[in-house]
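A.B. asks: Pasting a structure here, questions to come.
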Amino acid sequence: MTDRGLLTHTVRGDDVGSRIDVMLAEVDLVASRALAQKLIERNCVRVNGQTVNKRYKVRSGDQVTVEFPPMQPSDLAAEDVALDIRFEDSDMIVLSKPAGMVVHPAHGHWSGTLVNALLAHSDDLGTLAGEERPGIVHRLDKDTSGLMMVAKNDDAQRALSSGIQQRLIDRRYLALVHGRIVPDTGLIDAPIGRNAKDRQKMWVSDTAGSRHAVTSFRVLERFEAGAVDDGYTLIECKLQTGRTHQIRVHCAYILHPVVGDPLYGRRRLKDDLDLTRQFLHSYSLTLEHPRTGESIALIDPLPPDLAEALASIADRTDGRTPAGDEIVPTVQT
Numbered sequence: 000m001t002d003r004g005l006l007t008h009t010v011r012g013d014d015v016g017s018r019i020d021v022m023l024a025e026v027d028l029v030a031s032r033a034l035a036q037k038l039i040e041r042n043c044v045r046v047n048g049q050t051v052n053k054r055y056k057v058r059s060g061d062q063v064t065v066e067f068p069p070m071q072p073s074d075l076a077a078e079d080v081a082l083d084i085r086f087e088d089s090d091m092i093v094l095s096k097p098a099g100m101v102v103h104p105a106h107g108h109w110s111g112t113l114v115n116a117l118l119a120h121s122d123d124l125g126t127l128a129g130e131e132r133p134g135i136v137h138r139l140d141k142d143t144s145g146l147m148m149v150a151k152n153d154d155a156q157r158a159l160s161s162g163i164q165q166r167l168i169d170r171r172y173l174a175l176v177h178g179r180i181v182p183d184t185g186l187i188d189a190p191i192g193r194n195a196k197d198r199q200k201m202w203v204s205d206t207a208g209s210r211h212a213v214t215s216f217r218v219l220e221r222f223e224a225g226a227v228d229d230g231y232t233l234i235e236c237k238l239q240t241g242r243t244h245q246i247r248v249h250c251a252y253i254l255h256p257v258v259g260d261p262l263y264g265r266r267r268l269k270d271d272l273d274l275t276r277q278f279l280h281s282y283s284l285t286l287e288h289p290r291t292g293e294s295i296a297l298i299d300p301l302p303p304d305l306a307e308a309l310a311s312i313a314d315r316t317d318g319r320t321p322a323g324d325e326i327v328p329t330v331q332t
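Under numbering that gives the first Met the number 0, the first residue of the sequence shown carries the number 0, and numbering increases by one thereafter.
And the structure:
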């Protein structure tokens, strides 16, 4: 297999002072910190033309280059798992990931993942994310549903990854949160890092290792308080950055946790409208095709469990905003 070429990155802003392996994963230059460490150990990562170890802390203006070696044979198994594909050509796939599906194999989830399904669906998948993540450009949490992009070759994967880094790809989510959000629009600008007490969680923190994180939102519809709750607000969220659990962490930070969120939410089944997963859905994706430049705009309606939860409080609506009048009818099933 031929060499997969180079990816480059100029260190600036929040990157400065981070370990090289952490920085590579945080800016999505590589798919994970573990993969970054493997590439560093194989001398495939250079800073200003020189090899470094994984403990190197990057400086402003550093020119980082990652060279991807030829792919090695993978033990991943192709599995006949149904995919809900919304767009596909020779370069890319856009699909709707169901809640409950893990994106790639990891500890405790070695089969039934999106990657296993993709291997059965296509012989051509991008290789830039490593042997364990063929075609993967970005991820959704296991219990977050909705639109995802997959690359079918390295050129498309490089272009799509770059588009996310440069914020050229518009990704929007629907979230139902607890409580009443008063302003119709808002911006949450709060750094996110790994929770020091629980490594499975993220939190808003300005400690070393935390990353700049910005989420903008628009209120679509508000719902009055009931006997066991303080009401709900349906919002559209747009990622300005792409940190782990970003929307969930930011909503909890402003005291409006996502309904049904088992990690950052209230964990009261009745209060959560009987949902056992977070009400978070990647409903809108707009981008330019990585090869043709054609505009692609897709809308994914709410899946049945989220649509039913929203319908259960329809009689408590306090009215939709102008944005809600435009968006909500397009996502109801």
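Where a beta carbon is used, it is the ideal one built from N, C-alpha and C, also for glycine.
Quick one: does N47 have its CB under 7 Å from some CB of chain B?
C.D. replies: Looking for chain B here will not work: only one protein chain is present.
A.B. asks: Can you name the residues that DSSP bridges to V227?
C.D. replies: According to DSSP, which records beta bridges pairwise, V227 is partnered with nothing at all.
A.B. asks: Pull up the DSSP beta-bridge partners for Y172, would you.
C.D. replies: For Y172, which the question treats as bridged, DSSP gives the partners C236 and S281.
A.B. asks: Of the choices V136, L75 and S110, whose alpha-carbon is the least far from that of D90?
C.D. replies: Nearest of V136, L75 and S110 to D90, Cα basis: V136.
A.B. asks: Distance, Cα to Cα, D229 vs R265?
C.D. replies: Rounded to the nearest angstrom, the two C-alpha atoms are 12 Å apart.
A.B. asks: Report back the beta-carbon spacing between V57 and D14 to the nearest angstrom; my notes put them in contact at under 8 Å.
C.D. replies: The Cβ separation is near 6 Å, so the contact holds.
A.B. asks: Helix or strand or just coil, what does DSSP make of L159?
C.D. replies: DSSP places L159 in helix when its eight states are reduced to three.
A.B. asks: For T112, count neighbouring Cβ atoms within 10 angstroms of its own Cβ and tell me buried if that reaches 16, exposed if not.
C.D. replies: By the neighbour-count rule (16 or more Cβ atoms within 10 Å), T112 is buried.
A.B. asks: Measure how close the beta-carbons of Y231 and L175 come, nearest whole angstrom, since I'm counting them as under 8 Å.
C.D. replies: The pair is a contact, with the Cβ atoms about 6 Å apart (cut-off 8 Å).
A.B. asks: Quick check on the DSSP output: the beta strand (DSSP E) that includes G185 runs from which residue to which?
C.D. replies: From DSSP, the beta strand (DSSP E) with G185 extends over T184 to D188.
A.B. asks: Nearest to G60 by alpha carbon, out of G259, G12, I168 and L94?
C.D. replies: Residue G12 is the option with its Cα nearest to G60.
A.B. asks: Alpha carbon to alpha carbon, how far is S17 from F278? Give it in angstroms, no decimals.
C.D. replies: When rounded, the distance between both Cα atoms is 33 Å.
A.B. asks: Would you mind giving the Cβ-Cβ distance between L75 and L94, rounded to the nearest angstrom? I have them listed as a contact below 8 Å.
C.D. replies: Incorrect: roughly 18 Å between the Cβ atoms, too far for contact.
A.B. asks: For I326, collect the residues of the same chain with a Cβ closer than 7 Å to its Cβ; drop the 5 residues on either side in sequence, then sort them by chain order.
C.D. replies: L219 and E235.
A.B. asks: Between the C-alpha atoms of R170 and L146, what's the straight-line distance to the nearest angstrom?
C.D. replies: So the alpha carbons of these two residues sit roughly 9 Å apart.
A.B. asks: Going residue by residue through the segment 48-92, where are the continuous beta strand (DSSP E) segments of at least 3 residues, counting only ones entirely within it?
C.D. replies: Qualifying beta strand (DSSP E) stretches, in chain order: 62-66 and 83-87.
A.B. asks: Hey, out of K141, D324 and D260, whose CA is closest to R217's CA?
C.D. replies: It is D324 whose Cα lies nearest to the Cα of R217.
A.B. asks: Buried or exposed for T9, going by 16 or more other Cβ atoms inside 10 Å?
C.D. replies: Result: exposed.
A.B. asks: Measuring only the C-alpha atoms, how far is T329 from L301?
C.D. replies: About 9 Å.
A.B. asks: Mapping the DSSP letters down to three states, classify Q123 as helix, strand or coil.
C.D. replies: Here residue 123 turns out to be Asp, not Gln, going by the sequence shown. Reduced to three states, the DSSP call for D123 is coil.
A.B. asks: As a quick exercise: from R32, T291 and Q245, pick the residue whose alpha carbon is nearest that of D140.
C.D. replies: It is Q245 whose Cα lies nearest to the Cα of D140.
A.B. asks: Looking only at its chain, what residues have a beta carbon closer than 7 Å to the beta carbon of E78, apart from the 5 residues adjacent to it on each side?
C.D. replies: These residues qualify, in order along the chain: S110, G111, N115, A116 and A119.
A.B. asks: For A35, count neighbouring C-beta atoms within 10 Å of its own C-beta (all shown protein chains included) and say buried if the count is 16 or more, exposed if not.
C.D. replies: A35 should be labelled buried.
A.B. asks: Per DSSP, L6 forms a beta bridge with which residues?
C.D. replies: V65.
A.B. asks: Near R290, which residues of its chain fall below 6 Å by C-beta distance, leaving aside the five closest residues on each side in sequence?
C.D. replies: Excluding residues within five positions, the ones whose Cβ falls inside 6 Å are D90.
A.B. asks: CB-CB under 6 Å to A308, same chain, minus the five flanking residues each way: which ones, in chain order?
C.D. replies: The answer, listed in chain order, is L272 and L274.
A.B. asks: For I92 and I295, I'd like the C-alpha separation in whole angstroms.
C.D. replies: Those two C-alpha atoms are separated by around 12 Å.
A.B. asks: Since G318 is in the alpha helix (DSSP H), which residue starts that stretch and which ends it?
C.D. replies: Looking at the DSSP string, G318 is not in any alpha helix (DSSP H); the run it does join, the beta strand (DSSP E), is T316 to R319.
A.B. asks: Q156 to K269, Cα distance in whole Å?
C.D. replies: The straight-line gap from Cα to Cα measures roughly 42 Å.
A.B. asks: Would the segment 186-204 count as touching the segment 248-256 if we require 3 or more Cβ pairs under 8 Å?
C.D. replies: Touching, yes.
A.B. asks: Compare the C-alpha of G125 against each of D154, G99, D142 and A224 and name the closest.
C.D. replies: Minimum Cα distance to G125 is reached at D154.
A.B. asks: Are the CB atoms of L305 and H288 within a distance shorter than 7 Å?
C.D. replies: Not in contact: H288 and L305 (Cβ atoms no closer than 7 Å).
A.B. asks: Thinking C-alpha only, which one of R193, G225, Q199 and A226 is nearest R210?
C.D. replies: Comparing Cα positions, the closest option is R193.
A.B. asks: Over what stretch of residues does the alpha helix (DSSP H) that includes A150 continue unbroken?
C.D. replies: Per DSSP, A150 belongs to no alpha helix (DSSP H); it is in the beta strand (DSSP E), S144 to A150.
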